[in-house]
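Q: In the order they appear, the protein sequences are chains A and B. Residue 111 in this note's numbering sits at position 111 of the first sequence; the count goes up by one each step and never skips. Convert by adding 260 to the 1-based position in the second sequence; the result is the number in this note's numbering. Using N, Cα and C, we set each Cβ at its ideal position, and we do this for glycine too.
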Amino acid sequence: MNVVVCVKQVPDTTARKEFLPDNRINRAAVENVINPFDEYAIEEALRLKESQGGSVTILTMGPPSAEDSIRKALAMGADSGVLVTDPALEGSDAWSTALVLSRALARLDYDLVMTGMESTDARTGLVPAALAEQLKLASLTYASRVEIADGKVRVNRQIPGGYQEVEAVYPAVVSVVKGVNEPRYPSLKGIMAAKRKEIQKLGFSDLDLPADSAGKTGEKAKAVEVTPRPEKPAGEVIRPDSPEAAAGAIADFLQAHKFI
Amino acid sequence: MNVELSEDQIMIRDAVRDFARSAVQPRAAEIDRSGEFPADLVKQAASLDLLGIVIPEQYGGTGLDHVSFALFIEEIAAVSGALAVILDVHTSVGSEPILDWGTDEQKARWLPRMASGELLGAFALTEPDSGSDAASLQTAAERRGSEYVLNGTKTFITNMGEAGLYIVMARTGGPGARGISAFVVENGTEGLRFGSPMHKMGLNGSPTGEVIFEDVVVPAKHMLGPEGSGFKVAMKALDSGRIGISAQAVGLGRGALDLAVAYAQERVQFGRPIAQFEGLQFMIADMATAVDAARLMTWQAAAACDRGEDFTHLAAMAKLFSTDTAMWVTIDAVQIFGGYGYIKEFPVERFMRDAKATQIYEGTNQIQRIVIARELLRGD
Numbered sequence: 001m002n003v004v005v006c007v008k009q010v011p012d013t014t015a016r017k018e019f020l021p022d023n024r025i026n027r028a029a030v031e032n033v034i035n036p037f038d039e040y041a042i043e044e045a046l047r048l049k050e051s052q053g054g055s056v057t058i059l060t061m062g063p064p065s066a067e068d069s070i071r072k073a074l075a076m077g078a079d080s081g082v083l084v085t086d087p088a089l090e091g092s093d094a095w096s097t098a099l100v101l102s103r104a105l106a107r108l109d110y111d112l113v114m115t116g117m118e119s120t121d122a123r124t125g126l127v128p129a130a131l132a133e134q135l136k137l138a139s140l141t142y143a144s145r146v147e148i149a150d151g152k153v154r155v156n157r158q159i160p161g162g163y164q165e166v167e168a169v170y171p172a173v174v175s176v177v178k179g180v181n182e183p184r185y186p187s188l189k190g191i192m193a194a195k196r197k198e199i200q201k202l203g204f205s206d207l208d209l210p211a212d213s214a215g216k217t218g219e220k221a222k223a224v225e226v227t228p229r230p231e232k233p234a235g236e237v238i239r240p241d242s243p244e245a246a247a248g249a250i251a252d253f254l255q256a257h258k259f260i
Numbered sequence: 261m262n263v264e265l266s267e268d269q270i271m272i273r274d275a276v277r278d279f280a281r282s283a284v285q286p287r288a289a290e291i292d293r294s295g296e297f298p299a300d301l302v303k304q305a306a307s308l309d310l311l312g313i314v315i316p317e318q319y320g321g322t323g324l325d326h327v328s329f330a331l332f333i334e335e336i337a338a339v340s341g342a343l344a345v346i347l348d349v350h351t352s353v354g355s356e357p358i359l360d361w362g363t364d365e366q367k368a369r370w371l372p373r374m375a376s377g378e379l380l381g382a383f384a385l386t387e388p389d390s391g392s393d394a395a396s397l398q399t400a401a402e403r404r405g406s407e408y409v410l411n412g413t414k415t416f417i418t419n420m421g422e423a424g425l426y427i428v429m430a431r432t433g434g435p436g437a438r439g440i441s442a443f444v445v446e447n448g449t450e451g452l453r454f455g456s457p458m459h460k461m462g463l464n465g466s467p468t469g470e471v472i473f474e475d476v477v478v479p480a481k482h483m484l485g486p487e488g489s490g491f492k493v494a495m496k497a498l499d500s501g502r503i504g505i506s507a508q509a510v511g512l513g514r515g516a517l518d519l520a521v522a523y524a525q526e527r528v529q530f531g532r533p534i535a536q537f538e539g540l541q542f543m544i545a546d547m548a549t550a551v552d553a554a555r556l557m558t559w560q561a562a563a564a565c566d567r568g569e570d571f572t573h574l575a576a577m578a579k580l581f582s583t584d585t586a587m588w589v590t591i592d593a594v595q596i597f598g599g600y601g602y603i604k605e606f607p608v609e610r611f612m613r614d615a616k617a618t619q620i621y622e623g624t625n626q627i628q629r630i631v632i633a634r635e636l637l638r639g640d
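Below, the structure written as structure tokens:
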């Protein structure tokens, strides 16, 4: 079972985000980390490798600094990495990101492509399905459980109020939700071993794509405006005179907000 | 001159920081409150290979340098002083004497199990009547054929009861430093007993107390180094041990500083965050300056140790400065929190209680001054 995990380097989730004039996040101004959702995909891929054999390859598109994210995944136990980096790719939207990743995947040998359910920066969650579309593969998104049996991949697909059991022959694209597993920490031996693992670098010209298919020129979706989330208003404080009045006030509140 | 961390050291620091923040920090207050030994976190640290950080690869460790070791201890101490001292004692004074003095057979017997975390280490020098004057220790080791029989009591022993292995200094000859030899005593040996854990001001969760020897039979081949060299074994262990304690103090100071910086920007009085008052800004600037200086002194001692240079005075200076810094920085952090700093619902008072121990153990700061002065005045 050879798995390629597509990861994205994102600004630290807890960092205050700044925006560039074209409404993109200023990534240079903050600390960047592996998209936390992708860590679940990496862990799931490592577990598949441990139970089924095979290899785990990490694929990312991003600035040269995205190599740090690949390095961390290699320290967790992945075998090799591919970094697609080129100034021409800067500003790519979800669709062209998927297009670029699909062309890089064409150069790799895989049974399964795994991703996190979304990235914590833009949070569109579009890339997994767009990637499956580009690759003409089955798309199994929001998996909370992944199982390989009889040449098929079976997942529990998280939906409101429960889950669907979905299966497909592989190769296929699987995106996982938070909580599908508990991602491991890289060990010191893993960190040392990661230095000896190969990271292949690809540029735009290696992808055999028309010049206007990615980057700013290839964008199909455009961020028109960025608005900070409004400040949370201060909560309402009720000071009832008796326990009975307090219970009544709580019941009124819950009823008014349709909780009861 | 180069004070930059290597790429490896940065990755190690970041990996330990990640572990410390996500796995240790949420547990730190409860460990302090309950005083229970955090066995699960020690096990998790072992799975990250942290327990064998300075043990060579051939014995199952990672054979890393003392700067990496200092980074590791600082990151743990920045969230939990108790876990930091548990791991520090195991890694430095608990295992380094075997690295430095052990025969191949001794190394092969103990180091792989120490690197994997199966055996936690401890260091037993102090006795009820022998603290700073370590050469006056009275625990006796009497030779009987191919064995030694140990009798006596050690006290203030970190990892007491939880450790699987104790480096024990005992008297095999006449009075004074030259009559002392070092032994490795395995937990489970008949006659080895432990007192109940002491109720400490801080570092709760790290068990401290008496290790009692009643006719404990130790094979002669478990002696570390030649007979009569036990005092030297202990002093050398304490040299590198002080790098660890210094790093622990840097972590405690930094942890409290980070909390104070965040709080000062949130706490509003007189219509603005208290961080906007110059009085507080000056406090924070002094705290940050001292913590940084302490860290650089710790790295300096660690780097000298890794280069194989004499680092006794550098380690003593780092330990003295870092632990005194940790003490006043954590006190000032409590001050910045005001009344909230004095209650246990907020974490800074724990840092203050934990910091006090670092000025006392592995050589009081008065002893550090003697060590530093002796190195300077020895005249060669």
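Tell me where the alpha helix (DSSP H) around N625/B begins and ends.
A: Taken as a continuous stretch (DSSP letters only), the alpha helix (DSSP H) holding N625/B covers 625-637.
Q: Can you list, in chain order, the residues of its chain with a C-beta nearer than 7 Å to that of G377/B? Leave out the 5 residues immediately preceding and following it.
A: Here the set comprises V302, K303, A306, L311.
Q: Entirely within the segment 60-133 of chain A and at least 3 residues each: give me those beta strand (DSSP E) ranges in chain order.
A: Those beta strand (DSSP E) runs which fall completely within the segment 60-133 of chain A and span 3+ residues are 80-84, 112-116.
Q: In the DSSP assignment, find the unbroken alpha helix (DSSP H) run with E225/A in it and report its ends.
A: That residue, E225/A, is in no alpha helix (DSSP H); it is neither H nor E in DSSP.
Q: For M557/B, which residues does DSSP report across the bridge?
A: According to DSSP, M557/B bridges with nothing at all.
Q: Measure from the C-beta of Y185/A to each C-beta in chain B and report whether the shortest distance is under 8 Å.
A: So, interface residue.
Q: Would you mind telling me which residues of chain A sit closer than 8 Å to D278/B, beta carbon to beta carbon, in chain order?
A: Those are Y185, listed as they occur along chain A.
Q: Just list the residues that DSSP pairs A149/A with in beta bridges.
A: DSSP output for A149/A lists K152/A as bridge partner(s).
Q: Give the interface partners of I58/A over in chain B, defined as CB-CB distance under 9 Å, in chain order.
A: By Cβ distance, chain B contributes nothing, its closest Cβ being about 16 Å from I58/A, past 9 Å.
Q: Looking at C-alpha atoms only, which residue of R184/A, N26/A, D86/A, K8/A is the closest neighbour of L308/B?
A: Looking at the Cα atoms, R184/A is the closest of the given residues.
Q: Use the C-beta contact count for T602/B: other C-beta atoms within 10 angstroms, 16 or more gives buried, fewer gives exposed.
A: Residue 602/B is actually Tyr in this sequence, not Thr. Y602/B is exposed by the Cβ-count criterion.
Q: Does chain A have any CB closer than 8 Å to the CB of T415/B?
A: Answer no: the Cβ-Cβ gap between T415/B and chain A never drops below 8 Å.
Q: From which residue to which residue does the beta strand (DSSP E) around K232/A run?
A: It is not in any beta strand (DSSP E) - K232/A carries neither H nor E in the DSSP assignment.
Q: Identify the contact partners of K17/A in chain B, using a Cβ-Cβ distance below 7 Å as the criterion.
A: What K17/A touches in chain B: nothing, since even the nearest Cβ is about 18 Å away.
Q: Going by beta carbon distance, what residues of the same chain come within less than 8 Å of S213/A, once the five residues before and after it are set aside?
A: These residues qualify, in order along the chain: S96, L99.
Q: Which of the three DSSP states, helix, strand or coil, is assigned to Q255/A?
A: Three-state result, Q255/A: helix.
Q: Thinking A289/B and R610/B are a contact (beta carbons under 8 Å), I'd like their distance in whole angstroms, please.
A: Rounded, the Cβ-Cβ distance is 7 Å, consistent with contact.
Q: Are the segment 125-136 of chain A and the segment 162-169 of chain A touching by the rule of at least three beta carbon pairs closer than 8 Å?
A: The segment 125-136 of chain A vs the segment 162-169 of chain A: no contact.
Q: Cutting at 6 Å between CB atoms, please list the residues of its own chain near G455/B, excluding the five before and the five after it.
A: Hits under 6 Å: G469, E470.
Q: Going by beta carbon distance, what residues of the same chain come within less than 6 Å of R373/B, once the five residues before and after it are set aside?
A: L379, listed in sequence order.
Q: Exposed or buried, which one is R403/B when buried takes at least 16 other CB atoms within 10 Å?
A: Label assigned to R403/B: exposed.
Q: Hey, is T322/B's beta-carbon within less than 8 Å of any beta-carbon in chain A?
A: Answer yes: the Cβ-Cβ gap between T322/B and chain A drops below 8 Å somewhere.
Q: Taking 6 Å as the limit between beta carbons, can you name the residues of its chain near V510/B, skipping five residues before and five after?
A: The residues are E334, A554, R555, T558, S582.
Q: Secondary structure at R502/B, three-state DSSP: helix, strand or coil?
A: Residue state, collapsed to three classes: helix.
Q: Please report whether the beta-carbon of A344/B lies at a distance below 8 Å from any beta-carbon of chain C.
A: Of the protein chains in the structure, A and B, none is chain C.
Q: Thinking C-alpha only, which one of W370/B, A437/B, A375/B, A563/B is nearest G504/B?
A: Selected option, being the one with the closest Cα: A563/B.
Q: Quick one, which residues of the segment 188-217 of chain A are near chain B if we go by CB-CB under 9 Å, in chain order?
A: Cβ contacts with chain B come from L188, K189, G190, I191, M192, A194, K195.
Q: Examine chain A for any beta-carbon lying closer than 8 Å to the beta-carbon of L380/B, and answer yes or no.
A: For L380/B, the answer is no, since every Cβ of chain A falls outside 8 Å of its Cβ.
Q: Are the Cβ atoms of K178/A and F37/A separated by less than 8 Å?
A: Yes, these two residues count as a Cβ contact at 8 Å.
Q: Using a Cβ-Cβ distance cut-off of 8 Å, determine whether D655/B contacts chain A.
A: Past the edges of chain B, shown from 261 to 640, lies residue 655/B, and the structure says nothing about it.
Q: Check the Cβ-Cβ distances between A275/B and every residue of chain A, and say whether any is below 8 Å.
A: Taking Cβ atoms only, chain A reaches closer than 8 Å to A275/B, which makes this a yes.
Q: Would E39/A be called buried (16 or more neighbouring beta carbons within 10 Å of its own) or exposed?
A: So E39/A counts as buried.
Q: Is the segment 559-579 of chain B in contact with the segment 615-635 of chain B, if contact means three or more CB pairs nearer than 8 Å?
A: Touching, yes.
Q: Which residues in chain A have a C-beta closer than 8 Å to the C-beta of D268/B? List them in chain order.
A: I191, M192, K195, listed in chain order.
Q: Compare the beta carbon distance of V3/A and A45/A with 8 Å and say whether it is the shorter of the two.
A: Yes. Within cutoff.
Q: If the cut is a Cβ gap below 8 Å, which residues of chain B does A75/A touch?
A: What A75/A touches in chain B: M271, A275.
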